[in-house]
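Chemist: Pasting a structure below so you can have a look.
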Amino acid sequence: MTFVTHLECARCGKLHDPGRVHNLCICGAPLLVRYDLRRAVETLLLGRMASREPTLWRYREVLPVAQDSSILCLGEGFTPLIHARRLGKKLGLPNFYLKDESQNPSGSFKARGLAVATSMAKELGIRNLAMPSAGNAGGALAAYAAKAGMQASIYMPKETPAANRQECALLGAKVVLVSGSIKDCGREMREQLKEGEWFDVSTLREPYRLEGKKTMAYEVVEELGGRAPQAMIYPTGGGTGLIGMWKAFAEMEALGWTGGARPRMFSVQAQGCAPIVRAFAKGDDRAPEWENPQTIASGLRVPSAIGDFLMLQALRESRGAALAASDSEMLAAMRELAETEGVVTSPEGGATLAALKKLLWDGLLAGHESIILFLTASGYKYQEVLETLSGMS
Ligand SMILES: Cc1ncc(COP(=O)(O)O)c(C=O)c1O
Ligand SMILES: [Zn+2]
1 MTFVTHLECA RCGKLHDPGR VHNLCICGAP LLVRYDLRRA VETLLLGRMA
51 SREPTLWRYR EVLPVAQDSS ILCLGEGFTP LIHARRLGKK LGLPNFYLKD
101 ESQNPSGSFK ARGLAVATSM AKELGIRNLA MPSAGNAGGA LAAYAAKAGM
151 QASIYMPKET PAANRQECAL LGAKVVLVSG SIKDCGREMR EQLKEGEWFD
201 VSTLREPYRL EGKKTMAYEV VEELGGRAPQ AMIYPTGGGT GLIGMWKAFA
251 EMEALGWTGG ARPRMFSVQA QGCAPIVRAF AKGDDRAPEW ENPQTIASGL
301 RVPSAIGDFL MLQALRESRG AALAASDSEM LAAMRELAET EGVVTSPEGG
351 ATLAALKKLL WDGLLAGHES IILFLTASGY KYQEVLETLS GMS
């Protein structure tokens with residue numbers, strides 16, 4: 001079963017056949033999966049979702065996998081939307097929620113994209129997968145590749161948190177540590193691996209990770225009882241989460257789920273690596289590479305992104321914004337989330353609370369609005385940061 005009609009280039013609009021192995025369009029831009037939503041809506045009814053399985057595969061009609069036997073499931077998706085009452089009271093926000101993505105397999109939201117991408121790779125007969133990763137994506141790829149019996153090669157910066165490196169090795173992936181950022185890892189990967197013998201699952205260089213990530217938005221709408229939130233704050237690196245969720249809101253509108261309501265999307269980056277923030281402030285359509293990227297939030301150490309124009313478009317279309325948080329603001333926010341809401345999140349998750357405070361301070365968000373922070377990964381994977389924060393080794 002698949003409702004996929006075609007793949008469409010996000011820049012030049014060229015159409016590509018579904019059911020075939022694809023990376024980028026010939027113009028160098030990412031491909032987006034399009035569905036026959038008029039047919040999908042016959043069974044994908046908001047009112048009937050409650051009986052479906054509590055994983056992202058509940059949105060099967062708007063996912064690209066054709067055969068059930070291709071699906072690699074470790075229980076990804078359908079993470080809780082936590083009503084943050086104590087912290088909300090402190091901030092004057094009665095409708096304040098945390099989407100706790102740490103509860104995914106491998107402890108981060110990256111499981112969503114890689115469950116779908118690896119399942120599609122299986123369906124298309126691909127055996128060897130490779131990617132550069134800031135940490136969490138590598139762990140997720142290694143897990144799904146292990147489940148599929150595929151070989152994964154993961155290129156990571158040397159500073160990647162130990163837990164990420166160790167889980168990849170334990171899961172049987174080939175781990176290559178590289179000096180520099182994720183961009184240098186990508187370069188090294190393309191130089192080392194032999195053409196035609198591996199498939200590139202880098203962010204947005206294949207069309208299906210985005211489809212897994214977009215399910216966060218479907219879930220939020222379901223969890224809010226069929227309403228779109230008014231604002232979402234998302235820690236942005238390569239941008240699949242942000243771009244995927246914006247795509248999902250367009251789909252949900254066509255499916256009659258949201259009545260056209262869409263949230264304002266806010267992107268948060270690290271002060272030491274903020275290419276999207278800089279481009280947004282300048283009113284640019286592309287975000288040039290950030291020199292010498294530095295931050296404790298390894299997932300945000302992404303100096304340039306192939307989907308930059310799509311992120312900037314989503315932020316502008318949604319009347320959102322892009323803003324930066326410093327490492328010390330992220331640490332303080334991690335502590336506050338832990339002490340008030342009982343959640344041990346990663347620095348990227350901390351960044352969303354730091355950004356929220358700035359938005360409230362600047363009057364860009366108001367107290368009555370429904371606001372969601374995306375806590376994208378577990379803090380337990382950042383032992384080095386937890387040691388600093390807790391003062392305990
Ligand atoms: C914990 C965490 N949050 C956010 C991001 C950024 O993700 P995206 O590629 O969706 O922008 C990453 C990427 O590595 C991450 O690991
Ligand atoms: Zn194109």
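Everything in the sequence shown is counted per this note's numbering, starting at 1 for the first residue and increasing by one. Glycine included, C-beta positions come from ideal geometry on N, C-alpha and C.
Tell me whether residue 235 counts as near ligand 1, meaning its Cβ is closer than 7 Å to at least one heavy atom of that ligand.
Modeler: Here residue 235 is taken as the residue at index 235 of the sequence shown, counted from 1. Checking the Cβ of residue 235 against ligand 1 gives yes.
Chemist: Using 8 Å as the threshold, is the region 319 to 333 in touch with the region 207 to 225, meaning 3 or more CB pairs across them?
Modeler: no
Chemist: Can you tell me whether residue 358 sits near ligand 2, meaning its C-beta is under 7 Å from at least one heavy atom of the ligand?
Modeler: Within the sequence shown, residue 358 is the residue found at index 358, counting from 1. Checking the Cβ of residue 358 against ligand 2 gives no.
Chemist: Could you spell out the range, first to last residue, of the alpha helix (DSSP H) harbouring residue 17?
Modeler: Position 17 of the sequence shown, counted from the first residue, corresponds to residue 17. Counting along the chain, residue 17 falls outside any alpha helix (DSSP H), and DSSP gives it neither H nor E.
Chemist: Looking at the structure shown, is residue 128 part of a helix, part of a strand, or coil, going by DSSP?
Modeler: Taking the sequence shown and counting its residues from 1, one reaches residue 128 at position 128. Correct three-state label for residue 128: strand.
Chemist: Just verifying my parser: in three-state terms, what is the DSSP assignment at residue 154?
Modeler: Translated into positions along the sequence shown, residue 154 becomes position 154. Note: residue 154 maps to strand in three-state DSSP.
Chemist: Closer than 8 Å is the cut-off here; do at least three beta carbon pairs connect the region 169 to 184 with the region 141 to 160?
Modeler: yes
Chemist: Does the beta-carbon distance from residue 348 to residue 235 come in below 8 Å?
Modeler: Your numbering for residue 348 matches position 348 in the sequence shown. Your numbering for residue 235 matches position 235 in the sequence shown. For residue 348 and residue 235, yes; Cβs fall inside 8 Å.
Chemist: Considering only their Cβ atoms, is the gap separating residue 307 from residue 293 smaller than 8 Å?
Modeler: Taking the first residue of the sequence shown as 1, we reach residue 293 at position 293. Taking the first residue of the sequence shown as 1, we reach residue 307 at position 307. Taking 8 Å as the cut-off, the beta carbon of residue 293 is found no closer than this to the beta carbon of residue 307.
Chemist: Hey, quick one: how far does the beta strand (DSSP E) through residue 265 stretch, first residue to last?
Modeler: Residue numbering aside, residue 265 sits at position 265 when the sequence shown is read from its first letter. Here the beta strand (DSSP E) through residue 265 covers 264 to 270.
Chemist: Mind listing which residues have their beta carbon within less than 6 Å of any non-hydrogen atom of ligand 2? Chain order is fine.
Modeler: 9, 11, 12, 14, 25, 27 and 29
Chemist: Which residues does DSSP pair with residue 235 in a beta bridge?
Modeler: Sequence index remark: in the sequence shown, residue 235 carries index 235 (1-based). Bridge partners of residue 235: 268.
Chemist: Any chance the region 79 to 92 sits against the region 127 to 142, with 3 or more Cβ pairs inside 8 Å?
Modeler: No, the region 79 to 92 does not touch the region 127 to 142.
Chemist: Please tell me whether residue 405 and residue 186 are closer than 8 Å, where the distance is taken between their beta carbons.
Modeler: Lying outside 1 to 393, the shown extent of the chain, residue 405 is not represented and no answer is given.
Chemist: At a Cβ threshold of 8 Å, is residue 107 touching chain D?
Modeler: The chain labelled as chain D is not found in the depicted structure, where only one protein chain is given.
Chemist: When the distance is taken between beta carbons, is residue 64 closer than 8 Å to residue 118?
Modeler: The count along the sequence shown starts at 1 and reaches residue 118 at position 118. The count along the sequence shown starts at 1 and reaches residue 64 at position 64. No; because the gap between Cβ atoms is not below 8 Å, this pair is not in contact.
Chemist: Going by the DSSP bridge assignment, what does residue 34 pair with across the sheet?
Modeler: Within the sequence shown, residue 34 is the residue found at index 34, counting from 1. Partner(s): 6.
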